[in-house]
Amino acid sequence: MASTVFIAKESAAGEPRVAASPDSVKKIVALGLNVTVQKGAGLASQIPDSDYADAGAKLGTATAAKTADVVLRVRRPTDAEIKAYKKGAVVIAIMDPYGNEKALAAMAKAGLTTFAMELMPRITRAQSMDVLSSQANLAGYQAVIDAAHIFDRAMPMMMTAAGTVPAARVFVMGAGVAGLQAIATARRLGAAVSATDVRPAAKEQVASLGAKFIAVEDEEFKAAETAGGYAKEMSKEYQAKQAALVADHIAKQDIVITTALIPGRPAPKLVSKAMLKAMRPGSICVDLAVEHGGNVEGAKAGSVAEVEGVRIVGYDNVPGRIAASASQLYAKNLVTFLDTLIDKDKKVVSIDPEDELVKATVLTDGGKIVHPNFGGPKDQKGDA
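Be aware that the sequence shown starts at 37, since it is given in my numbering, and climbs by one per residue.
Written out as structure tokens, the structure reads:
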């Protein structure tokens, strides 16, 4: 009998995204699986129930999860939702596992096999499953849109009979996926853009988008990148030198966008109150790391704070602010990964524990936490 996939409606406050699109449902059905979508799951992402039904899904209530072999979600299930899933069910979501060992233990105790999409290794095979990149790309775009909305000046240079309006000066801190998209978006809006990053490879990427690169380029800088492509945490000495350079640069900027995150650790502090004080009144900071402690001193999660005359935008779940686009990309990430877990002949879930994608992303299985980063056996290898 073919496996059944359940698409859950998100229960977390402020989460408008959904784990499936009509296109992804069609692909799951094409794999020979049965799909049930919880009624209303896609409404906040502008996807009516009828679109899912037309794509081949059944519509059901939350109770349909009790018989599902696979549950697809955006966020980690709550304790109540965990108890509603059958033992042995596969749950795939953005699990936010760091610091949430109790939640992992609950999923293990319930006998669930769970996968964390954000632990997907950054390898060629997994590019289309990389949820961090798909959602960060949208967050970088939205950061500029949010800044432009609050900024009470024009972004591009405008030459008029009444005088010239100078281009807004935008500084992007962190040139990963979110930062590069922020640079590109700000450039499209006509801003004068500069950026910084601790990874040497970022210099060429920043320049290719027409922005100026700002960094202390010493020997530590030249070696500052992990094998997985993430930024390394820099020494206190380098941080001090970089902070001095950045402080002088920030004082001349209109908009600062920070994107720096280190997996499993609090976000590094990049912008101090002293730096904010040096900025012009009315300047804007957008902190995309606010949910992980924030890059900007004084940033408040879920709100716009004002510190030293600078407005600090600290919206939660920035990809969710453009939920229709975010859900479309996330759904593609999920269905591409799910495809690797299906026995195409028997139309059932068949997980290969030796698959590098499974090793990197599986959190719980067989009643235990199995990922080495969260209490599992240390001989298991996976790029987390």
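Every residue, glycine too, gets a C-beta built ideally from N, C-alpha and C.
Neighbourhood of residue i by C-beta distance below 7 Å, restricted to the same chain and skipping five residues each side
i    : result
D182 : V322, V349 and Y351
M315 : I286, A287, Q289 and V346
E344 : K309, L312 and K313
E51  : V110, R111, N353 and G356
V326 : A335, A337 and G350
S271 : E256
S339 : G350
CA nearest to the CA of residue i, picked from the options
i    : options                   : result
A237 : E51, V229, F249 and D284  : F249
A228 : G210, P192 and P84        : P192
V423 : L399, S170 and R189       : The requested residue 423 is not part of the displayed model; the chain covers only 37 to 420.
I320 : K138, H185 and Y366       : H185
L399 : E273, A141, K258 and D87  : A141
L148 : V126, G135 and S164       : V126
G318 : K336, S339, V292 and H328 : V292
L306 : E390, A283, P299 and N331 : N331
D375 : A243, V65 and P52         : V65
P302 : Y274, Q275 and E269       : E269
G226 : I43, A247 and G402        : A247
L281 : S230, A260 and E333       : S230
M209 : R224, S86 and A251        : A251
A91  : S57, R161 and E240        : S57
Q131 : T114, G124 and K122       : Per the sequence shown, the amino acid found at residue 131 is Met instead of Gln. Of the candidates T114, G124 and K122, the one whose C-alpha sits nearest the C-alpha of M131 is T114.
F207 : T196, A179 and A197       : A179
Residues near residue i in its chain [Cβ-Cβ closer than 6 Å; skip 5 each side]
i    : result
V54  : A77, G78, S81 and S363
V201 : A190 and M194
K414 : P408
A93  : V61, V71 and V73
S164 : T372
L168 : E154
K336 : G350
R205 : A228, Q289 and D290
Y177 : Q217 and T221
A283 : M311
G300 : Y134
D59  : none
D401 : T149
Collapsed DSSP secondary structure at residue i in the structure displayed
i    : result
R111 : strand
D381 : coil
L67  : coil
R316 : coil
V166 : The question names Val, yet the displayed sequence has Asp at residue 166. Coil at D166, not helix or strand.
Q241 : helix
L374 : helix
D105 : coil
D182 : helix
Q74  : strand
V213 : helix
I83  : coil
V332 : strand
I405 : strand
V307 : strand
A287 : coil
R161 : helix
G412 : coil
Y134 : coil
A56  : coil
Beta-bridge pairing of residue i - partner residues as DSSP gives them
i    : result
S230 : F207 and K248
E342 : R347
K145 : Its beta-bridge partners do not exist; DSSP assigns none.
K277 : K277 pairs with nothing; no bridge assigned.
T150 : V127 and T400
V201 : M194
F187 : For F187, which the question treats as bridged, DSSP gives no partner whatsoever.
I43  : V73 and L108
G96  : Q74
D323 : T294
Contacts around residue i, its chain only, beta-carbon distance under 8 Å, and the 5 residues preceding and following it disregarded
i    : result
Q416 : Because Q416 carries a pLDDT of 47, less than 50, the predicted location of this residue cannot be relied on, and the following value inherits that uncertainty. Around Q416: K395, V406, H407 and P408.
S39  : L69, N70, D105, V106, I378, K383, V384 and V385
N486 : Residue 486 lies beyond the residue range present for the chain, which begins at 37 and ends at 420; the question has no answer from this structure.
G403 : A144, K145 and G147
K63  : V371 and D375
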